[in-house]
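> So in my numbering, spot 60 of the sequence shown is number 218, and the numbers just go up one at a time.
Glycine included, every Cβ here is placed at the ideal spot set by N, Cα and C.
Take a look at this one; I'll ask things after.
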Amino acid sequence: MGIYTSAASEILDRLWDNYEGFAAYFHARDVSLRDLGHLLEEVFVPAYLHVKSNLDRGALYSLNNEITENVLGGLLNKPGFRDLWNEWDDHTRQTFLQEPIEELLGRILFEEHAEQFARVFIAAYESHRA
């Protein structure tokens, strides 16, 4: 899975379960959540990135830093992890953190931008289908 796949999957799941009319839209087209899952990389990751790219960059930067501190803080308190962290180079550290941070970012962004995600995810699906 790519870095953004977990975030797109998380948002797709939340839209399906919590956003009124989203699942019904796909049920009416005889499309299941499982069917949509097969389109994550091709359809919904670009849709996620589209929404994200239209949000306030400063706010995203601050939120990303806050999430990084929270994720890293919890890990560094685990026995033995700090030694492992200190052995890694910057690239390894960044690679290790990217996916869980992006997934948490997706969860938080969903809370504030569910309507936008629903609209863009449906449009991306329709565009793919055409």
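Between which two residues does the alpha helix (DSSP H) holding D175 run?
T163 to N176
> Just the C-alpha distance for A276 and L230, rounded to the nearest angstrom, thanks.
31 angstroms
> Taking 9 angstroms as the cut-off, decide whether the C-beta atoms of N222 and Q274 are in contact.
Remark: C-beta atoms of N222 and Q274 do not approach each other more closely than 9 angstroms.
> Beta-carbon separation of R189 and A282 under 9 angstroms?
This sequence places Val at residue 189; Arg is not what is there. Contact flag unset, no.
> Output the distance between the C-alpha atoms of L199 and Y177, rounded to the nearest integer angstrom.
Here residue 199 is Glu; the residue named in the question, Leu, does not match the sequence. Their Cα atoms are separated by approximately 21 angstroms.
> Contact check, E257 vs I169 under 8 angstroms by CB: the rounded distance?
That pair is no contact at about 14 angstroms.
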